[in-house]
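**Q** Quick one: structure below, then a few questions.
Residue numbers (this note's numbering): 34 to 297.
In structure tokens form, the structure reads like this:
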């Protein structure tokens with residue numbers, strides 16, 4: 034991309050003459066780099082990311098399920114539901130089960146697993162967020178986030194680049210988003226929305242009721258963008274796993290529609 038270099042160079046010329054051109058071109062180059070983002074991945078790179086994401090998700094799911102001392106029936110059911118939603122074929126389902134079992138064994142290492150994941154997927158911010166999202170969803174599957182599970186999640190989040198404060202907020206958002214699992218939008222909530230449900234909708238979006246409509250809309254769009262199927266596929270998420278991101282997007286949309294309806 035050269036648009037930024039040209040524009041900044043012309044501005045530099047008008048302000049500071051020939052020297053300004055050089056300064057402007059440099060600034061424009063940095064702008065173009067930021068605007069362009071990550072380069073598109075090759076087919077081979079996408080395949081490597083897909084495999085790494087798949088392996089990491091199910092290995093960590095197994096480890097997380099065992100974090101509180103035993104793998105509960107709810108956690109097993111959630112992992113099985115995850116596989117069903119992905120529509121895994123027989124070989125992939127078998128691999129997922131083996132990864133889950135491996136993760137639940139005492140010799141499993143979070144550090145080694147995260148080193149491998151970050152080496153392949155570390156630049157894909159949406160995939161890092163999606164990984165933590167899936168793990169949190171499993172941890173709260175039994176209706177309670179145990180301290181041992183939270184400790185494991187906090188360690189993983191730290192390796193993904195989440196600050197402690199951001200991790201705490203992320204946990205609350207995922208919990209709230211999970212309350213809006215339904216189809217057909219927020220229509221079912223509008224006539225009988227309790228204060229608690231409305232507060233959950235704000236929390237799901239990561240905003241406060243005191244914020245403006247514009248601020249809330251901006252937060253909503255950011256969340257939708259982070260979970261957009263096309264963007265996630267472009268970053269290397271396995272096609273089957275995009276279904277789960279789509280479900281999360283629907284929950285976020287439901288929460289947003291509820292908030293919008295309540296402010297009219």
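A virtual CB, placed ideally from N, CA and C, is assigned to each residue, including glycine.
State the CB to CB distance for the pair residue 100 and residue 112, rounded to an integer number of angstroms; the pair is presumed to be in contact (CB under 8 Å).
**A** At roughly 14 Å, the Cβ-Cβ gap does not stay under 8 Å, so residue 100 and residue 112 are not in contact.
**Q** Let's test the definition: count the other Cβ atoms within 10 Å of the Cβ of residue 136 and tell me whether it reaches 16, buried, or not, exposed.
**A** buried
**Q** Around the Cβ of residue 234, are there at least 16 other Cβ atoms within 10 angstroms (buried) or fewer (exposed)?
**A** buried
**Q** Do residue 166 and residue 207 have their C-beta atoms within less than 8 Å of each other?
**A** Against a cut-off of 8 Å, the Cβ pair of residue 207 and residue 166 comes out as a contact.
**Q** I'd like the list of long-range same chain contacts for residue 205, defined as Cβ closer than 6 Å, with 5 residues on each side in sequence excluded.
**A** 236
**Q** When you compare each of 259, 90, 209 to residue 116 by their alpha carbons, which one comes out closest?
**A** 90
**Q** Among the candidates 228, 213, 294, 243, whose CA atom is the shortest distance from the CA of residue 280?
**A** Out of 228, 213, 294, 243, 213 has the C-alpha closest to the C-alpha of residue 280.
**Q** Looking at the structure shown, is residue 67 part of a helix, part of a strand, or coil, going by DSSP?
**A** Only weak support exists for where residue 67 lies, its pLDDT of 37 falling under 50; the value from the coordinates is given anyway. DSSP places residue 67 in helix when its eight states are reduced to three.
**Q** Using the Cβ count rule (16 or more neighbours within 10 Å means buried), how would you classify residue 247?
**A** exposed
**Q** In angstroms with no decimal places, state the Cα-to-Cα distance between residue 108 and residue 274.
**A** Taking the straight line joining both Cα atoms gives about 18 Å.
**Q** If we count the other Cβ atoms within 10 Å of its Cβ and call it buried at 16 or more, is residue 362 buried or exposed?
**A** The requested residue 362 is not part of the displayed model; the chain covers only 34 to 297.
**Q** Using 10 angstroms around the beta-carbon of residue 102, count the other beta-carbons present and answer buried if the total reaches 16, otherwise exposed.
**A** exposed
**Q** Assuming residue 284 and residue 210 are in contact, meaning their beta carbons sit under 8 Å apart, how far apart are those beta carbons, in whole angstroms?
**A** 5 Å
**Q** Using C-beta distances below 6 Å, list every residue in its chain close to residue 178, excluding the 5 sequence neighbours before and after it, in chain order.
**A** 172
**Q** Got a sec, what are the start and stop residues for the alpha helix (DSSP H) residue 145 sits in?
**A** 143-154
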